[in-house]
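Have a look at the structure below, then the notes.
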Amino acid sequence: MSCLILIGMMGAGKTTVGKELARRRKVRFADCDQEIIARTGVSIPTIFEIEGEEGFRRRETQMMDELSQEPDIVIATGGGVVTTPANRGLMRERGVVVYLDVPPAVLYERTRHDRNRPLLQVDNPRQRIEELYRQRDPLYREVAHLIVEGGRGNPGTMVRMIENGLQKLARQKPKSTPCEP
Ligand SMILES: Nc1ncnc2c1ncn2[C@@H]1O[C@H](COP(=O)(O)OP(=O)(O)O)[C@@H](O)[C@H]1O
Ligand SMILES: O=C(O)C1=C[C@@H](OP(=O)(O)O)[C@@H](O)[C@H](O)C1
Ligand SMILES: [Mg+2]
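When the letters of the sequence shown are read in order and numbered with the numbering used here, they come out as residues 1084 to 1264.
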């Protein structure tokens, strides 16, 4: 299979659901953020502090280019991956892209106690999430082959919804393109 790429906002469950999906499919799981941490030896907040968001985005693009060349892999992206145009083309071409669409109120509840997401360390994180959602939702939709509503079910339910969606997608896809006469 080609690589499977999970996209969506911070707190959508990409890391949690991606791990479980890979386990079920018996393929490697890679979290883009974790791979960057492993390579640099420092945390995401530290990268933002030293290199700014711009520096982080460069590392993210490099890592996505590498990971998306592996055929049997589930990749959990960081929520901002779609903000770099090159990533959007790369993901859509090389993988099957699944958007976990979760409402901002749920995203806020899931991320409010976490200090590891530099973009949410602001006075009003709830408002920030709403703004980011408004900006990014159209980009996620543009890139996704499959959209899964992820606000209600637990991670196991999400995995089943993704598997069902992928099966439907595979049935829709014509096996071969008919030749023009
Ligand atoms: N479907 C879900 N239902 C409830 N909690 C979830 C679900 N998916 C993820 N979480 C929780 O939400 C938080 C953020 O999940 P995470 O996988 O890190 O999201 P992402 O990688 O998309 O930012 C974690 O505490 C995780 O346990
Ligand atoms: O939305 C974003 O811009 C980011 C999301 C984070 O990943 P998660 O989506 O896994 O939280 C991480 O890549 C970084 O803090 C930036
Ligand atoms: Mg994550």
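All C-beta atoms, glycine included, are put in the ideal place defined by N, C-alpha and C. Computed from a predicted model, the values in this text were never measured in an experiment.
- Here DSSP, grouped into helix, strand and coil, assigns aspartate 1155 to coil.
- For isoleucine 1127, the distance from the CB to the nearest heavy atom of ligand 2 is below 7 angstroms.
- DSSP, read as helix, strand or coil, puts valine 1125 in coil.
- For the set Pro1208, Gly1178, Lys1251, the Cα lying nearest the Cα of proline 1187 is the one of Pro1208.
- Closest in C-alpha terms to leucine 1089, from the list Arg1140, Gly1163, Gly1135, comes Gly1163.
- Rounded to whole angstroms, the gap between the alpha carbons of arginine 1235 and alanine 1253 is 25 angstroms.
- Spatial neighbours of arginine 1224 in its own chain (CB-CB distance under 8 angstroms, excluding positions within 5 residues in sequence) are listed in chain order as Tyr1182, Ile1230.
- Beta-bridge partners assigned by DSSP to tyrosine 1191: none are found.
- Here valine 1157 is near leucine 1104, since their CB atoms are less than 8 angstroms apart.
- Contact check for leucine 1190 against glycine 1094 passes: the beta carbons are separated by less than 8 angstroms.
- Looking only at Ser1085, Arg1106, Asp1116, the smallest Cα-Cα distance to arginine 1200 is reached by Asp1116.
- Annotated as proximal: aspartate 1184 and glutamate 1232, with beta-carbon spacing under 8 angstroms.
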